[in-house]
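Here the structure is laid out as structure tokens; the discussion comes afterwards.
Okay, structure coming up:
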């Protein structure tokens with residue numbers, strides 16, 4: 007088919023109209039990449055395929071599409087033994103959910119026993135449901151940035167230990183900022199963080215009176231942010247747990 011015929015048929019306009027009706031980036035990309043065929047046999051096959059899809063829509067309504075995402079890179083990473091981030095796992099879960107729902111959507115019902123969808127059924131023959139994997143991801147992943155304590159017994163144990171260490175550090179620092187021994191050395195009676203470590207804001211002229219590690223200075227130079235030696239080991243243990 008020559009370019010003039012394609013222009014007369016407004017082939018690109020039809021493709022654009024189709025692309026606008028899609029509900030996922032992958033479908034939109036496929037619509038934009040559609041090409042014509044010079045084969046009558048192939049054209050008839052494509053028409054039959056379209057007719058099957060239209061019949062499905064009329065008989066059963068729109069298919070259940072929860073989420074369709076390009077998973078090629080995630081699958082490749084997993085095959086190489088790489089780590090998948092929570093966001094990737096959530097996209098996989100939604101894609102599995104859509105596959106399972108669509109497989110159920112295609113099941114022949116009693117009132118449609120005389121209707122066949124051979125082309126679509128062949129296209130989706132290898133579509134499988136993995137509800138157990140969906141459930142595991144649902145249990146383990148809270149959001150794109152958060153993993154549930156229930157993801158594993160090890161993670162649950164580590165997070166429990168982190169909470170215990172945090173509480174121990176804060177209790178120790180609280181006792182220091184309320185102590186008359188230390189209050190006179192502090193710029194403020196607060197606990198803060200510097201470089202991921204718990205510190206106290208100490209008046210610079212008193213920094214020698216508070217044994218510990220200086221992690222930062224205020225812009226004015228009046229305050230030294232010191233990690234007291236009494237909590238250095240606890241802070242180290244906390245960082246080790248966070249790395250795990």
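In the working numbering, the protein residues as written are 7 to 250.
The C-beta atom is built at its ideal place from N, Cα and C for all residues, glycine as well.
Residue ranges of uninterrupted alpha helix (DSSP H) with 4 or more members, entirely inside the segment 119-152 and ordered along the chain, are 124-129 and 137-146. Taking every protein chain shown into account, the CB of residue 42 has fewer than 16 other CB atoms within 10 angstroms, so this residue is exposed.
Just so you know, the alpha carbons of residue 178 and residue 169 end up roughly 14 Å apart. Per DSSP, the continuous beta strand (DSSP E) segment holding residue 230 begins and ends at 229-234. Between the segment 201-217 and the segment 229-243 there are three or more C-beta pairs closer than 8 Å, enough to call the two in contact. Contact annotation: residue 93 and residue 150 have beta-carbon atoms nearer than 8 Å. Closest in alpha carbon position to residue 111, among 75, 246 and 65, is 65. With 16 or more other CB atoms across the displayed protein chains lying within 10 angstroms of its CB, residue 143 is buried.
Burial state of residue 232 is buried, judged by a 10 Å Cβ sphere holding 16 or more other Cβ atoms.
Between residue 155 and residue 246, the alpha-carbon positions lie close to 18 Å from each other. In this structure, DSSP gives residue 89 a state outside helix and strand, which the three-state scheme calls coil. Taken in chain order, the complete beta strand (DSSP E) segments of 3 residues or longer contained in the segment 180-206 are 198-200. Residue state for residue 8 is assigned as coil, using DSSP reduced to three classes.
The Cβ neighbour count for residue 104, taken over all protein chains shown within 10 Å, is at least 16; the residue is labelled buried.
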